[in-house]
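K.L.:
This is the structure, below, for whatever I ask next.
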């Protein structure tokens, strides 16, 4: 029996498995992006039309979460993946949970947009909601790009941006409290805005989580609960050390080398 | 080379691995339970003493999440688990994320309890917060029991209880809005209570998630996004069918048999 041939065969089928799973995650990500876009569209246009569409997309997203989950389990059981492949599968298992939660938050946004559409439209506050909405929309798109290209540098960049979202969230939150205290007739609308901005901020957290899984897949390093700047510096130092060791071995100056992407 | 011996040896070491991981999850669960208990204690006693303790526990919980995650990856890479063992490891990977989030929510509760401790104490509202707090405390404890014993029946029972928590949450939420509209001076305190009850309600969701992973481990069925009553009936029917088939084979009445636990 030619074991080498079998290994090669298995490995090529395994690559197909991994590619299929990655493609499915990106498809699910695309659906979630669309859902967020539609939900935020409801805020911008002051219409309630999108809420039903968003709820329907939710069903499809839940189905995809389930089927990708099953696919990962099957590949884990049959292919005994190791190293980066194993980390990718674990990252996928976690990523789809975050994508599904982004779907849930988008549904909340769409529902609240329907409430807001029924009331008076204070131009200024919606501009801020649209602004933070645009920030997390970009975060989500780039987190999915980082996943698609397994680009840890991009993942770090996107994850760091979560701080700006948090600051924006705090500012809108405080502003809503001020509105409520100044004019109690705005209480309901201000609460709606608070819940919506909260949902948007949570989506930023989930996008950041996805970035952390990309970094874990690429570098094998769990950067959750650490300051991103520290984690990134550590990884760069480790990479520089490897580079200078390798350079010493082959007789090159380390300065000419760039960090691996 | 005695392959049988090796397999046996590997399998016994594998059992040790699984036992160690289960014990770690339960230890982490115990820490999270303690943290929730301390956070809710701050509400009951109106003190701010616990907030620091809760924040310190958070560090330990994050460390545990990371080390259990690594342990699962190592076992997945080296033992090629299948069937229930594989499902257990996948369930653990997801469960620890939910436990860590419960830790985050408990920290929020402790922080808000500190705010509330600084203000006037309206007896009635805190009774309701304590009531829903007690509901999710029990849910969490029993979800961890269900995990410890891989008891899917208990997991179904606990997961169904999330509905009562949601109803309680809605009621307190509405009541807070009423208070704010009636007396705008209560706005800040009512908002604190709303954020706290929201955090408590989220803990119920996470406990429910843990129950769903237990059901997945035991029955191999993903019951997320399905009505629990439907999922449970389906599983009972499938089990009854298996029982009656088995009974026909060995010539027994199926009525004497109970559903597997």
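Chains as they are written, first to last, in my numbering: chain B, 17 to 277; chain F, 17 to 277. Idealized CB from N, CA, C, for every residue including glycine.
#1: Name the residues in the segment 91-119 of chain B whose C-beta lies less than 8 Å from a C-beta of chain F; which are they?
#2: For residue 182 (chain F), go through chain B and note every residue whose CB falls closer than 9 Å to its CB, in chain order.
#3: Check whether the Cβ of residue 199 (chain F) lies closer than 6 Å to any heavy atom of the ligand GDP, and answer yes or no.
#4: Compare the C-beta of residue 82 (chain B) against all C-beta atoms of chain F and say whether one is closer than 7 Å.
#5: Mind checking the segment 27-60 of chain B against chain F and listing, in chain order, the residues whose C-beta falls within less than 9 Å of any C-beta there?
#6: List the residues of chain F that residue 260 (chain B) touches, going by C-beta distances under 8 Å, in chain order.
#7: What is the residue span of the alpha helix (DSSP H) that residue 119 (chain F) lies within?
#8: What is the rounded straight-line gap between the Cα of residue 281 (chain B) and the Cα of residue 107 (chain F)?
#9: Is the beta carbon of residue 161 (chain F) closer than 7 Å to that of residue 220 (chain F)?
#10: Rounded to the nearest angstrom, what separates residue 133 (chain F) and residue 154 (chain F) at their Cα positions?
#11: Could you compute how far the alpha carbon of residue 88 (chain F) sits from the alpha carbon of residue 182 (chain F)?
#12: Just to confirm my understanding: we take residue 114 (chain F), look at its own chain, exclude 5 residues before and 5 after, and list those with CB closer than 7 Å. What are they?
#13: Per DSSP, what kind of secondary structure is residue 143 (chain B) in: helix, strand or coil?
#14: Measuring alpha carbon to alpha carbon, tell me which of B:31, B:40, B:30 ends up nearest residue 163 (chain B).
#15: Are residue 67 (chain B) and residue 130 (chain B) closer than 7 Å when you measure CB to CB?
#16: Would you say residue 239 (chain F) and residue 257 (chain F) are within 7 Å of each other, going by their C-beta atoms?
#17: Below 8 Å on C-beta distance, what does residue 89 (chain B) contact in chain F?
#18: To the nearest angstrom, how far is it from the Cα of residue 152 (chain F) to the Cα of residue 252 (chain B)?
#19: Which whole-angstrom value describes the C-beta separation of residue 37 (chain F) and residue 125 (chain F), a residue pair presumed to lie in contact below a C-beta threshold of 8 Å?
#20: Which chain F residues sit within Cβ distance under 7 Å of residue 238 (chain B)?
#21: Taking buried to mean at least 16 other C-beta atoms within 10 Å of its own C-beta, is residue 233 (chain B) buried or exposed?
#22: Work out the CA separation of residue 94 (chain B) and residue 32 (chain B) for me, nearest whole Å.
#23: Give the residues from the segment 224-252 of chain B that approach chain F closer than 8 Å (Cβ to any Cβ), ordered along the chain.
#24: Under the three-state reduction of DSSP, which class applies to residue 173 (chain F): helix, strand or coil?
#25: Please check if any C-beta of chain B sits within less than 7 Å of the C-beta of residue 197 (chain F).
#26: Taking C-beta pairs closer than 9 Å, name the residues in chain B that residue 207 (chain F) reaches, listed in chain order.
#27: By Cβ distance, which residues of its chain are closer than 7 Å to residue 192 (chain F), with the 5 residues on each side in sequence left out?
#28: Assign residue 29 (chain B) to buried or exposed, taking buried as 16 or more other Cβ atoms, counted over all protein chains shown, within 10 Å of its Cβ.
#29: Let me know the alpha helix (DSSP H) ranges lying completely inside the segment 193-218 of chain B, each 4 residues or longer, listed in chain order.
#30: Quick one, which residues of the segment 64-78 of chain F are near chain B if we go by CB-CB under 7 Å, in chain order?
#31: Roughly how many whole angstroms lie between the Cα atoms of residue 237 (chain F) and residue 76 (chain B)?
#32: Using the C-alpha atoms, what's the distance from residue 135 (chain F) back to residue 175 (chain B)?
#33: Beta-carbon of residue 203 (chain F) versus every beta-carbon of chain B: anything under 7 Å?
#34: When the Cα atoms are used, what is the spatial distance from residue 195 (chain B) to residue 86 (chain B)?
#35: Could you tell me the alpha carbon to alpha carbon distance between residue 144 (chain F) and residue 186 (chain F), rounded to whole angstroms?
#36: Where does residue 36 (chain F) fall in DSSP's three states?
P.N.:
Looking at the coordinates:
#1: 92, 93, 96, 97, 98, 99, 102, 103, 106, 109, 110, 113
#2: Chain B residues near residue 182 (chain F): none, gap ~14 Å exceeds 9 Å.
#3: The ligand GDP is not part of this structure, which contains no ligands at all.
#4: Cβ-Cβ to chain F under 7 Å: yes for residue 82 (chain B).
#5: Close to chain F, meaning a Cβ-Cβ distance shorter than 9 Å, is no residue of the segment 27-60 of chain B at all.
#6: Chain F residues near residue 260 (chain B): none, gap ~28 Å exceeds 8 Å.
#7: Looking at the DSSP string, the run of the alpha helix (DSSP H) that includes residue 119 (chain F) is 99-134.
#8: In the structure as shown, chain B starts at 17 and stops at 277, and residue 281 (chain B) therefore has no counterpart that could be examined.
#9: no
#10: Rounded to the nearest angstrom, the two C-alpha atoms are 25 Å apart.
#11: 33 Å
#12: Shown here for residue 114 (chain F): same chain residues with a beta carbon closer than 7 Å to its own, the five before and five after excluded, namely 222, 225, 226 in chain order.
#13: In the structure shown, residue 143 (chain B) sits in a helix (DSSP, three-state: H, G or I).
#14: B:40
#15: yes
#16: no
#17: 102, 103, 106
#18: 44 Å
#19: So it is not a contact: roughly 28 Å between Cβ atoms.
#20: 82, 85
#21: buried
#22: Residue 32 (chain B) and residue 94 (chain B): Cα-Cα distance of roughly 13 Å.
#23: 238, 240, 241
#24: helix
#25: yes
#26: 193, 196, 207, 210
#27: 206, 209, 210
#28: exposed
#29: Runs of the alpha helix (DSSP H) inside the segment 193-218 of chain B: none found.
#30: 78
#31: Taking the straight line from one Cα to the other gives about 18 Å.
#32: Going by C-alpha positions, residue 175 (chain B) is about 37 Å away from residue 135 (chain F).
#33: yes
#34: Spanning the two alpha carbons is a distance of roughly 48 Å.
#35: Here the alpha carbons of residue 186 (chain F) and residue 144 (chain F) stand approximately 12 Å from one another.
#36: When DSSP states are grouped into helix, strand and coil, residue 36 (chain F) belongs to the helix group.
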